[in-house]
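Q:
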Amino acid sequence: MTAQIINGNEIAKQIRQELKEEIAKLKEKHNLIPGLVTVLVGADPASQVYVGQKEKTSRDLGIYSERHDLPADTTQKKLLTLIDKLNKDPRIHGILVQLPLPKHLNESEVLYAINPKKDVDGFHPVNLGKLMIGEPDYLPCTPHGIQQLLIRSGVKIEGAEVVVVGRSNIVGKPIANILLQKKEGANATVTVCHTATRDISFHTRRADIIIVAAGRPKALTADMVKEGAVVIDVGVNQVGTTADGKRILVGDVDFDAVKEKAKAITPVPGGVGPMTITMLMLNTVRAAKLAAGLT
Ligand SMILES: NC(=O)c1ccc[n+]([C@@H]2O[C@H](COP(=O)([O-])OP(=O)(O)OC[C@H]3O[C@@H](n4cnc5c(N)ncnc54)[C@H](OP(=O)(O)O)[C@@H]3O)[C@@H](O)[C@H]2O)c1
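The sequence shown stops at residue 371 when you use this note's numbering, and every number in between is there.
Listed below in structure tokens is the structure:
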């Protein structure tokens, strides 16, 4: 069997088109323009690229976009003061602080200072707690993107055996919680594996859907996958640079071998990656609608 390739670029494009239409209607009918602010501390090149992509996508969709670039030696107090100001700004519905922050800053304190109603990353404990009890305002972007990839590719999630490899707070734990809910596009039996799991293959080999977010190239090899499984590769690992200085990226899955056994698989790049920013835009639109009492 050669797997169907789940095209994250195409699915992200569809969702962006839907969002663009919704944003145009919000403006026309309610004079409501969703607003997203990005805050970047320091000049980490990868973070600058991510923030640039978020700004550009916002503008393309008709979202009001603001960017605050702060010097690397910004104090905790100054950053918290800015967040307080943005929390009170009615033009801003979503606040995104680009991580990682420089080492001298307390990341948790900064994230907890964001008004949960403007927490479009979905990382605030209030939003993670609401997700866990099945009443989310916002789903974290990468896990939400994974769920949409599955739904829009026609993968049956209800009743499926799902195995998640990785238990981070930004991917593993939230995707496990999302797919566990007794809801449409979820209702799966979920197992979460990590570095202390005794025999990961024992779990992955019986899975209908495997989601790998380990941050290790070839963490999932073909012998760990049952024939006909659906495989979602979240990993992004730099394994070198090209002659012209571009990063060479691979996922966590041994793609060439696993695609011969899987029913469907996401590539890296072009799988989960394009969904993350798209779901951030979706959360921003939702934040604007919540603020205006439109949901
Ligand atoms: N495409 C996107 O938009 C996107 C977004 C976020 C992350 N990512 C990528 O996804 C990957 C994971 O990110 P993350 O933030 O979740 O990583 P993380 O915080 O480093 O967590 C990795 C998790 O995987 C587990 N793990 C590591 N090696 C393992 C192995 N060999 N077998 C079983 N479990 C293993 C770790 O277990 P322990 O808890 O026991 O240490 C940990 O729970 C990274 O490559 C990251 O770049 C991509």
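By construction, the Cβ of each residue, glycine as well, lies at the ideal position given by its N, Cα and C atoms.
Who are the Cβ neighbours of E131 in its own chain at under 6 Å, not counting the five residues just before and after it?
A: Taken in chain order, the residues that qualify are S141 and R143.
Q: Just to confirm, are C217 and L356 a CB contact at a threshold of 7 Å?
A: Yes, they are a contact pair.
Q: Quick check: is the beta carbon of I82 nearer than 7 Å to any beta carbon in chain C?
A: Among the chains of the structure shown, chain C does not appear; only one protein chain is present.
Q: Assign N245 to one of three DSSP states: helix, strand, or coil.
A: Looking at N245 - three-state DSSP - the assignment turns out to be coil, as it is neither helix nor strand.
Q: I need the DSSP call for D284, collapsed to helix, strand or coil.
A: Correct three-state label for D284: coil.
Q: Is S277 a contact residue of ligand 1, with contact defined as CB to any heavy atom under 6 Å?
A: No; taking the cut-off as 6 Å, the Cβ of S277 has no heavy atom of ligand 1 nearer than that.
Q: Counting only the same chain and skipping the five closest in sequence on each side, list residues whose C-beta sits under 7 Å from that of V202.
A: If we look at V202 and ignore the five residues flanking it on each side, its Cβ neighbours are P192.
Q: Given a threshold of 16 other Cβ atoms within 10 Å of its Cβ, counted over all protein chains shown, does R362 qualify as buried or as exposed?
A: When all chains shown are included, R362 counts as buried.
Q: Start and end of the alpha helix (DSSP H) containing Q93?
A: It spans G84 to H106 - the alpha helix (DSSP H) in which Q93 sits, taken as one unbroken run.
Q: Taking the Cβ atom as the reference point for each residue, do I222 and I308 lie within a distance shorter than 7 Å?
A: Against a cut-off of 7 Å, the Cβ pair of I308 and I222 comes out as a contact.
Q: Write down the C-beta distance between Y214 and Q174 rounded to the nearest angstrom, noting that I regard them as a contact closer than 8 Å.
A: That pair is no contact at about 17 Å.
Q: Suppose contacts are defined by Cβ-Cβ distances below 7 Å. Is I168 in contact with G111 by that definition?
A: Their beta carbons are under 7 Å apart, which means I168 touches G111 by this criterion.
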